[in-house]
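Right, one structure below, let's go through it.
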Amino acid sequence: MNFKSMIAIGIYCTLIGMVSSANADTICRTPNIVCSGHTTPGDTNWQQYHGGIQGIYVDIDVSECDLHSIPTYITSMNGDGGHWEVIGSQAIYSASETGFRVYVRYPSDQKPISPAIANQNNWSINWVALSSADCQ
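Per the numbering used here, the sequence shown runs over residues 2 to 137.
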């Protein structure tokens, strides 16, 4: 299933309210704000992660979306090569109304990864923010 299909299914399910209260702590039936964007391929502000493993991260600023609650973020990664090998691009950290963080690394931690390598390969993060005013 490609990214566009996943978004279409997610939006469709959200629009028709197919979230069971037995399976979710928060129910949001009507997305009032859909905002999307991407970091700049070849010029993403990747930062080196210094937490014991080799990794990089990027902080995504969505403040221009003017969100008033923490949205559901959906992400994917673009690039010219090597990005299919990394893990973490769909994991959201520090989510807020104004942004979030994504960490990526190679699974084995034996392959070097750096902001320079990521930008040489034109790695970028695509994102969609879905926010709703009727969350219960």
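Glycine is no exception: its CB is placed at the ideal position from the N, C-alpha and C atoms.
(Q) Taking the alpha carbon of I88 as the reference point, which residue from I57, S70, E65 has its own alpha carbon closest? (A) Ranking I57, S70, E65 by Cα distance to I88 puts I57 first.
Q. With 16 as the cutoff for other CB atoms within 10 Å, does I126 come out buried or exposed?
A. I126 comes out buried.
Q) Should W124 go down as buried or exposed, given a rule of 16 or more other Cβ atoms within 10 Å for buried? A) With 16 or more other Cβ atoms within 10 Å, it is buried.
**Q.** Close Cβ partners of Q1 (< 7 Å) along its chain, the five nearest in sequence each way excluded
**A.** Missing from the structure shown is residue 1; the chain here goes from 2 to 137 and no further.
(Q) Please report the straight-line C-alpha distance between S70 and Q91, rounded to a whole angstrom. (A) Their backbone Cα atoms lie some 20 Å apart in a straight line.
**Q.** Cβ shell of N122 (< 6 Å), same chain only, five flanking positions each side left out
**A.** The residues are G80, D81, G82, G83.
Q | Closer than 7 Å: S77 CB and nearest the ligand ADP heavy atom | A | The model on display carries no ligand, and the ligand ADP is accordingly not part of it.
Q: Along the alpha helix (DSSP H) that carries Q121, what are the first and last residues, could you check?
A: Unbroken alpha helix (DSSP H) run through Q121: 116–121.
(Q) Taking 8 Å as the limit between beta carbons, can you name the residues of its chain near Y104, skipping five residues before and five after? (A) Once the five neighbours on either side are set aside, the close Cβ partners of Y104 are Y50, G56, I57, Y58, G89, A92, Y94.
Q | Selected residue, minimal CA-CA separation from T73, among T99, W85, R106, P108 | A | Selected option, being the one with the closest Cα: T99.
Q: Please report how far the alpha carbon of T76 lies from the alpha carbon of V129, in whole angstroms.
A: Taking the straight line from one Cα to the other gives about 7 Å.
Q. What residue ranges within the segment 79–104 form continuous alpha helix (DSSP H) runs of no fewer than 4 residues, ordered along the chain?
A. Within the segment 79–104, no complete alpha helix (DSSP H) run reaches 4 residues.
Q | Where S22 sits in the DSSP three-state scheme | A | Because S22 sits at a pLDDT of 40, beneath the cut-off of 50, its placement in the model cannot be relied upon, and the following sentence gives the value as read from the coordinates. In the structure shown, S22 sits in coil (DSSP, three-state: anything other than H, G, I, E or B).
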